[in-house]
Amino acid sequence: GAGVSQTPSNKVTEKGKYVELRCDPISGHTALYWYRQSLGQGPEFLIYFQGTGAADDSGLPNDRFFAVRPEGSVSTLKIQRTERGDSAVYLCASSVSGPTYEQYFGPGTRLTVT
Amino acid sequence: AQKVTQAQTEISVVEKEDVTLDCVYETRDTTYYLFWYKQPPSGELVFLIRRNSFDEQNEISGRYSWNFQKSTSSFNFTITASQVVDSAVYFCALSEARTSYDKVIFGPGTSLSVIP
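Listed in order, the protein sequences are those of chains A and B.
Numbering (my numbering) for the first sequence: 76 to 189.
Numbering (my numbering) for the second sequence: 11 to 126.
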């Protein structure tokens, strides 16, 4: 079956612009996660959705970052007024139930803020 | 304080050698989960194993084995008879009961190169 997909695969934007990153989880997976991975680092937790609601958004670095999952499937990570420090690979993962289960990761979106 | 430490940044071994990747974690919870993930050069993280804090049995899966020791807060990963396809970055991760397991904390990773 289809795995987790993320679009776009690469995004280059200018400082100050708004960007949206999309994640399409595995069908039937109720849990969805966003992580940010900088070069040479492990994934850094951003937010976890259970269904449509954000169960834990404590990893979002500031109020420029926001994520939604309106129908409990596709999720969008939104970044306002992008800064060069936001440049990273943004990873999405889904799991069948919750974080104690195996997470299936997408290929990531590489965001470059110039 | 870093909750998951992987002190080995990079390791290089010759094919067929055994290699152990170290993971030390820190938690105040008595209930938690530990994970290992593999990130090959293609980039997508792949789940390898999950272990809960009440199960200290070591596990073997083919050439892979894991040694969980609560007394030393370690969850080490050994690859026996390494192969070139094992070359990847390996991450150890932790989720804790006090955050309802919601937040999975990854270590910095160990980059393994297996040389033919």
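Glycine included, each C-beta is placed from N, C-alpha and C at the ideal position.
If you compare alpha carbons, which of the options is closest to residue i?
| i | options | result |
| --- | --- | --- |
| S6/B | V23/B, S97/B, Y35/B, Q16/B | The structure shown does not extend to residue 6/B, since chain B is modelled only from 11 through 126, so no value can be given for it. |
| G72/B | G119/B, V34/B, I59/B, P126/B | I59/B |
| R61/B | P50/B, R38/B, F87/B | F87/B |
| D132/A | P126/B, D65/B, K113/B, I70/B | K113/B |
| S150/A | P83/A, L96/A, S84/A | L96/A |
| T120/B | C102/B, A107/B, Y111/B | C102/B |
| C167/A | Y93/A, R159/A, A129/A, T184/A | T184/A |
| L121/A | L122/B, S63/B, I115/B, S123/B | I115/B |
| E20/B | S105/B, Y100/B, N77/B | Y100/B |
| D65/B | V56/B, E36/B, Y74/B, K80/B | K80/B |
| D161/A | S148/A, P145/A, E146/A, N137/A | N137/A |
| S63/B | T15/B, A107/B, E54/B | A107/B |
| S80/A | F45/B, E54/B, E36/B | E54/B |
| D32/B | S83/B, Q67/B, P50/B | S83/B |
In the DSSP output, which residue or residues are listed as bridge partners for residue i?
| i | result |
| --- | --- |
| E20/B | S121/B |
| C167/A | W109/A |
| C102/B | W46/B |
| N77/B | N86/B |
| I122/A | W109/A |
| F57/B | Y47/B |
| T109/B | BP columns for T109/B are empty, so no partner. |
| A192/A | Not covered by the structure: residue 192/A. The range shown for chain A is 76 to 189. |
Express the C-alpha separation of residue j and residue i in angstroms, rounding to a whole number.
| i | j | result |
| --- | --- | --- |
| G173/A | T109/B | 12 Å |
| V164/A | V143/A | 19 Å |
| G181/A | Y43/B | 22 Å |
| P1/B | V34/B | Nothing about residue 1/B can be reported from this structure: the residues present for chain B run from 11 to 126 only. |
| S102/A | D39/B | 33 Å |
| E25/B | L122/B | 11 Å |
| Y179/A | S105/B | 16 Å |
| V94/A | R159/A | 13 Å |
| Y176/A | T105/A | 11 Å |
| V23/B | T82/A | 36 Å |
| V14/B | F141/A | 27 Å |
| V124/B | E146/A | 44 Å |
| V75/B | V171/A | In the sequence as presented, Val is not what sits at residue 75/B; that position holds Ser. If I take the Cα positions, the gap works out to 25 Å. |
| T116/A | V56/B | Checking the sequence shown, residue 116/A turns out to be Gln, not Thr. Answer to the nearest angstrom: the Cα atoms are 16 Å apart. |
| T30/B | P118/B | 16 Å |
| G128/A | E69/B | 35 Å |
For residue i and residue j, which I take to be in contact (beta-carbon distance under 8 Å), what is that distance rounded to the nearest angstrom?
| i | j | result |
| --- | --- | --- |
| F124/A | L107/A | 4 Å |
Check whether the stretch 87-95 of chain B touches the stretch 141-155 of chain A, counting contact only when three or more Cβ pairs, one atom from each stretch, lie closer than 8 Å.
-> no
Taking contact to mean at least 3 C-beta pairs separated by less than 8 Å, is the stretch 103-114 of chain A in contact with the stretch 80-93 of chain A?
-> no
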